[in-house]
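In our numbering, the protein residues as written are 54 to 468.
Even glycine gets a Cβ: it sits at the ideal position worked out from N, Cα and C.
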Amino acid sequence: QATAPSPSRAPALHVSFAPAFSRDPGCRRAPPGAMAGEGEPLLGRSGGPGFQPTKHDPLMKMGMKRVENALVKAGLADEGEKHHVVMRATALTVVPVAIFNLLLFTIWRFYHTRPVISLFFCLQVALLGALVPQMSKKGESSWHEKWKNYLSQFCFAAAVLGMTAGLFVHYRHLIYYQRYKEMKVYSNVAASSSPMLVADAGIVSFSSDSLLDAGQAIGYRSAEMGATLCVAPVIDTSMSSTDPISFFAGGVDCCGWRGQFTCGDAMDPKAISGLLYIPPAQLVVPAMEWAVKDDELMEEFHRAVKLHAAVYSSRAGENVRFLHWAKDPREMRDSYRVAAVWACLGYDALFSCLCAFAAAIVALGPQRLEQFVEKMLSSVVHRASKNPRGGAYKPPLASGGDGRDACLHKPSAYA
54 QATAPSPSRA PALHVSFAPA FSRDPGCRRA PPGAMAGEGE PLLGRSGGPG FQPTKHDPLM
114 KMGMKRVENA LVKAGLADEG EKHHVVMRAT ALTVVPVAIF NLLLFTIWRF YHTRPVISLF
174 FCLQVALLGA LVPQMSKKGE SSWHEKWKNY LSQFCFAAAV LGMTAGLFVH YRHLIYYQRY
234 KEMKVYSNVA ASSSPMLVAD AGIVSFSSDS LLDAGQAIGY RSAEMGATLC VAPVIDTSMS
294 STDPISFFAG GVDCCGWRGQ FTCGDAMDPK AISGLLYIPP AQLVVPAMEW AVKDDELMEE
354 FHRAVKLHAA VYSSRAGENV RFLHWAKDPR EMRDSYRVAA VWACLGYDAL FSCLCAFAAA
414 IVALGPQRLE QFVEKMLSSV VHRASKNPRG GAYKPPLASG GDGRDACLHK PSAYA
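Here it is, written out as structure tokens:
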């Protein structure tokens, strides 16, 4: 039978790890921050200013990646599915564009005859978009509900911009067309007659013996407008050099300093009519005269007439009227409406593009927008890395006849 050795007879075993470790020259000392008995830590901890980790924990890296993916998926689920993105983008584009066009049409159609009612309606639509109650549910933090608040802001911006664009088009183009349509048309008017006889006229056709005297045209350089104001008298065969001139054809930057006039249809000998310039007092109320483009033009025309009287020793009438010299004044009148239509189409296209761009950003949501930007940046970086021109410039090496570097055969200047 084998008996266990007595504890007193067991040989004493002495193991010392520290001296053996310290005496081994090939063993690397564990860096600071390592766990006890861990010579090469998996998790690199900062052990000093110059310490660099040697390894990374793959489990920790995989776990962080899974957590990040879970957060992204949760954010995408919070923002809804792809059909929700399409629905949000459509609503954020169609509704504001419809409001913009509605107010633009309101100003076009009703502002000239009912300005107070038109402005009141536009302001009501703008306030409805600004003061609309929060459509998202209280306490709801989902982006699928938050985007509805942006819809009210888009509607308010569309109402304000639509009203502003409509007013600009009205005072720049449309008001002239509408006012000319309301004014009378006179024909066979003698150039020597008093302008008071055609005070309510918009279009005037002169008698057959009337003509535009372009030889007595004059150009007046306006310092305030920064343009040349051109005037030429309209006379008939019954007028003498001492008779007052009551009608002048006018234009801007279309004449020489003396005796040259090309404004409108002045070069057409069959043109004997014109579209009268309407004074600002006949277009708008005194408080809105700044809005029309003829605010300073009429004053500068009168200064040009004074210069004409000083140069040609002529005499201007008491109530001088200025006109666009034209062969077909009605076509010139309709040009204001055409310009207004093109201006409205341009503003509508510009607002639609800006609204669609902003709607796409809001509809995507923060997570999808971040992914889209990252994907675009990575695509740009990838293309730049493949582009040979994007790399550093390497000058070609000059070589000799034997194919070796010519610099090796060229003697040095410092040899």
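Within 7 Å, strictly: CB atoms of residue i and residue j
i	j	result
residue 245	residue 291	yes
residue 272	residue 283	yes
residue 332	residue 351	yes
residue 210	residue 237	no
residue 299	residue 382	no
residue 142	residue 413	yes
residue 226	residue 344	no
residue 373	residue 358	yes
residue 280	residue 306	yes
residue 224	residue 415	no
Distance, residue j Cα to residue i Cα
i	j	result
residue 234	residue 317	20 Å
residue 258	residue 270	20 Å
residue 366	residue 266	15 Å
residue 158	residue 329	28 Å
residue 429	residue 220	41 Å
residue 146	residue 395	22 Å
residue 215	residue 154	7 Å
residue 222	residue 313	33 Å
residue 97	residue 149	For residue 97, the predicted model reports a pLDDT of 46, less than 50, meaning its position is unreliable and no value from the coordinates is stated.
residue 446	residue 437	Confidence at residue 446 is low in this model, with a pLDDT of 47, below 50, so its placement is unreliable and no value can be given for it.
residue 169	residue 297	43 Å
residue 289	residue 315	20 Å
residue 228	residue 432	52 Å
residue 294	residue 252	25 Å
residue 161	residue 256	23 Å
residue 174	residue 164	11 Å
residue 310	residue 364	11 Å
residue 208	residue 140	16 Å
residue 308	residue 334	28 Å
residue 404	residue 323	44 Å
residue 11	residue 406	Residue 11 cannot be examined here, being either before or after the span of the chain that is shown, 54 to 468.
residue 387	residue 402	23 Å
residue 144	residue 434	34 Å
Simplified DSSP assignment, three categories, for residue i
i	result
residue 170	helix
residue 367	coil
residue 377	strand
residue 294	coil
residue 330	coil
residue 481	Residue 481 is absent from the structure shown; the chain starts at 54 and stops at 468.
residue 152	helix
residue 408	helix
residue 309	coil
residue 237	strand
residue 262	coil
residue 337	coil
residue 182	helix
residue 246	coil
residue 286	strand
residue 315	coil
residue 257	strand
Same chain only: Cβ atoms within 7 Å of residue i, ignoring 5 sequence neighbours per side
i	result
residue 178	152, 156 and 212
residue 362	368 and 369
residue 218	157 and 400
residue 354	282, 284, 303 and 375
residue 349	277 and 278
residue 385	328, 377 and 379
residue 242	251, 257, 258, 259 and 260
residue 360	271 and 273
residue 171	159, 160, 163 and 164
residue 275	282 and 353
residue 409	146
Residue from the options whose Cα sits closest to the Cα of residue i
i	options	result
residue 277	225, 164, 356 and 299	356
residue 264	254, 287 and 242	287
residue 371	207, 218, 301 and 230	301
residue 138	173, 167 and 200	200
residue 379	349, 327, 415 and 354	327
residue 336	261, 231 and 303	231
residue 260	113, 405, 325 and 280	325
is_contact[residue i, chain D] using C-beta, thresh 7 Å
i	result
residue 406	Protein chain content of the structure displayed is limited to a single chain, and chain D is not contained in it.
Own chain partners of residue i with C-beta closer than 6 Å, once the 5 adjacent residues on each side are dropped
i	result
residue 262	289 and 290
residue 346	none
residue 390	230
residue 167	none
Near the ligand SAM: residue i beta-carbon under 6 Å from a heavy atom
i	result
residue 328	The ligand content of the structure shown is nil, which means the ligand SAM is not present either.
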